[in-house]
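A short worksheet on the structure shown next.
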Amino acid sequence: PDKVELMVSFFMPRVSRLIVCAVFLLGALGAQAALVWQEGKGWDVEGGILEKFGKPEEVKSALEAMNKAAQAQEKKQRGTAITLYKKVVDTYPNSVFAPEALFQMGKLHLERRQFETANKQFQQILERYPDYPNFNAVIGEKFSIADRIQSGERPYLWGWMPWFRDYSQGVNIYEQVVKQAPYEGYAPLALMNIALLSEKLNKPELGIDALERLIGSYPQSMLASDGYLLMGKIYRDLVRGPAYDQAPTRQAINFYKDYLILYPEDANRAHATDNLETMNDTFARSRLQIGDFYYRYRNNRRAALVYYNEAVSLAPDSKAAQEARANIDKIK
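With our numbering applied, the sequence shown covers 2 to 333.
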């Protein structure tokens with residue numbers, strides 16, 4: 002309280018300062034309070050200070066609705082429980098009960114595999130009730146929804162009718178997790194899963210963007226090494242062959258090289274080395290083919306030598322380099 006009063010003293014007269022301090026303290030008290038469910042007793046506020054949260058009659062009415070909803074929830078009467086929790090949210094949106102009611106509604110919709118509805122309710126908590134004590138649990142539930150979508154689980158329309166899979170919905174939820182909890186342990190994993198989903202969606206640019214953020218923002222994460230490998234794979238899959246544009250080939254080479262330098266003891270080193278050799282050979286072979294063109298079809302030996310030598314310098318140990326050396330010997 003002393004620090005708060007000192008801070009606002011530069012801006013407000015004494016009467017206003019007292020009001021601000023009181024509001025601050027009440028807000029802090031509300032932020033720290035948490036609803037707890039006790040078997041046989043029902044919902045209560047942790048610490049037993051329920052009377053602090055509104056008019057007694059409103060608190061009593063909201064608490065009765067919460068307890069009836071919880072009883073229906075325990076009996077697996079999901080529809081009834083959702084209706085009662087919704088009544089609490091609609092009638093007492095500014096009460097301590099509202100975010101908990103939304104949380105329970107989200108869990109009930111998740112049980113019914115109504116992924117989109119459940120996610121919307123969890124997202125409402127993050128946007129409307131940022132001081133909700135179970136913030137991490139909300140993030141965990143959102144991550145769980147995206148994970149189930151990623152695994153191919155079908156959502157249910159209206160809670161009973163199997164519907165079409167939508168992997169892009171999983172991407173959107175993972176992005177919300179990254180935005181809402183960028184410093185939590187979920188963020189790097191969410192970015193990695195976005196990259197994996199990009200393959201199912203055939204959107205490599207989506208995976209590249211997610212992995213760049215993973216590598217750049219979370220270099221100490223245990224997933225960073227996998228990020229380099231997967232980035233190399235995405236670019237490798239974009240390579241159409243030595244006769245085409247080699248920009249993806251160069252990118253794949255760079256990420257495989259970075260991986261081998263940064264993680265020399267990693268278990269996937271052999272795999273990365275094999276892929277690097279393949280990409281190096283493709284890159285060198287692109288120069289070999291240009292050299293062959295000048296040598297065989299234009300009878301321009303000088304130009305052919307330039308490209309053959311470039312193939313050798315790009316990947317001296319590759320098969321393409323061996324063929325280039327043989328052609329150089331022929332010309333000489």
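By construction, the Cβ of each residue, glycine as well, lies at the ideal position given by its N, Cα and C atoms.
Can you check whether the CB of residue j is closer than 8 Å to the CB of residue i?
{"i": "Leu277", "j": "Tyr309", "result": "no"}
{"i": "Ala271", "j": "Leu230", "result": "no"}
{"i": "Ile254", "j": "Met280", "result": "yes"}
{"i": "Pro243", "j": "Ser287", "result": "yes"}
{"i": "Ser199", "j": "Leu192", "result": "no"}
{"i": "Ala225", "j": "Asn194", "result": "no"}
{"i": "Gly43", "j": "Arg113", "result": "no"}
{"i": "Leu85", "j": "Ala63", "result": "no"}
{"i": "Met106", "j": "Lys88", "result": "no"}
{"i": "Tyr296", "j": "Asn328", "result": "yes"}
{"i": "Arg166", "j": "Arg149", "result": "no"}
Locate the alpha helix (DSSP H) running through residue i, then write down its first and last residues.
{"i": "Gly292", "result": "Arg270 to Asp293"}
{"i": "Gln115", "result": "Element bounds for Gln115: n/a, residue is neither H nor E."}
{"i": "Glu213", "result": "Pro205 to Ser218"}
{"i": "Gln181", "result": "Tyr168 to Gln181"}
{"i": "Ala143", "result": "Correcting the residue identity first, residue 143 is Lys in this sequence and not Ala. Its alpha helix (DSSP H) spans residues Phe136 to Gln151."}
{"i": "Met223", "result": "Neither: Met223 is in no alpha helix (DSSP H) and is coded neither H nor E."}
{"i": "Ser96", "result": "Where Ser96 is concerned, there is no enclosing alpha helix (DSSP H), given that its DSSP letter is neither H nor E."}
{"i": "Gln252", "result": "Ala248 to Leu263"}
{"i": "Leu197", "result": "Tyr187 to Lys201"}
{"i": "Asn328", "result": "Lys320 to Ile332"}
{"i": "Ala305", "result": "Arg302 to Leu315"}
When the Cα atoms are used, what is the spatial distance from residue i to residue j?
{"i": "Leu111", "j": "Asp210", "result": "29 Å"}
{"i": "Tyr93", "j": "Ala99", "result": "6 Å"}
{"i": "Ser314", "j": "Leu239", "result": "24 Å"}
{"i": "Gly141", "j": "Arg241", "result": "40 Å"}
{"i": "Phe294", "j": "Met232", "result": "33 Å"}
{"i": "Leu27", "j": "Arg129", "result": "Because Leu27 sits at a pLDDT of 32, beneath the cut-off of 50, its placement in the model cannot be relied upon, and the point is left open."}
{"i": "Asn68", "j": "Ala119", "result": "21 Å"}
{"i": "Phe144", "j": "Val172", "result": "10 Å"}
{"i": "Gln221", "j": "Glu117", "result": "33 Å"}
{"i": "Val179", "j": "Arg214", "result": "10 Å"}
{"i": "Arg326", "j": "Tyr298", "result": "19 Å"}
{"i": "Gly217", "j": "Gly228", "result": "10 Å"}
{"i": "Val24", "j": "Val97", "result": "Residue confidence for Val24 is low, a pLDDT of 31 falling below 50, so the modelled location carries little weight; the figure read from the coordinates is stated next. About 16 Å."}
{"i": "Arg237", "j": "Val139", "result": "37 Å"}
{"i": "Leu212", "j": "Tyr219", "result": "10 Å"}
{"i": "Ala71", "j": "Val90", "result": "14 Å"}
{"i": "Lys331", "j": "Arg251", "result": "29 Å"}
{"i": "Arg302", "j": "Tyr245", "result": "23 Å"}
{"i": "Asn137", "j": "Gly292", "result": "60 Å"}
{"i": "Phe104", "j": "Val60", "result": "19 Å"}
{"i": "Ala82", "j": "Glu101", "result": "13 Å"}
{"i": "Asp132", "j": "Val37", "result": "16 Å"}
{"i": "Tyr257", "j": "Tyr264", "result": "10 Å"}
{"i": "Asp267", "j": "Ser319", "result": "24 Å"}
{"i": "Gly80", "j": "Met162", "result": "15 Å"}
{"i": "Gly153", "j": "Val307", "result": "52 Å"}
{"i": "Lys333", "j": "Met223", "result": "52 Å"}
{"i": "Gly186", "j": "Ile126", "result": "20 Å"}
Under 8 Å by Cβ, that's how I've got residue i and residue j pegged, so tell me the actual separation to the nearest angstrom.
{"i": "Ala316", "j": "Asp282", "result": "6 Å"}
{"i": "Ala182", "j": "Ala188", "result": "6 Å"}
{"i": "Gln115", "j": "Tyr184", "result": "Wrong, their Cβ atoms sit about 30 Å apart, outside the cutoff."}
{"i": "Ala312", "j": "Ala305", "result": "Not really, about 11 Å apart at Cβ, beyond 8 Å."}
{"i": "Phe284", "j": "Gln247", "result": "6 Å"}
{"i": "Gln74", "j": "Leu109", "result": "7 Å"}
{"i": "Gln122", "j": "Gln177", "result": "That pair is no contact at about 13 Å."}
{"i": "Pro205", "j": "Ile235", "result": "5 Å"}
{"i": "Leu202", "j": "Ser169", "result": "6 Å"}
Could you tell me whether any Cβ in chain D is nearer than 8 Å to the Cβ of residue i?
{"i": "Gln125", "result": "The structure shown contains no chain D; it is built from a single protein chain."}
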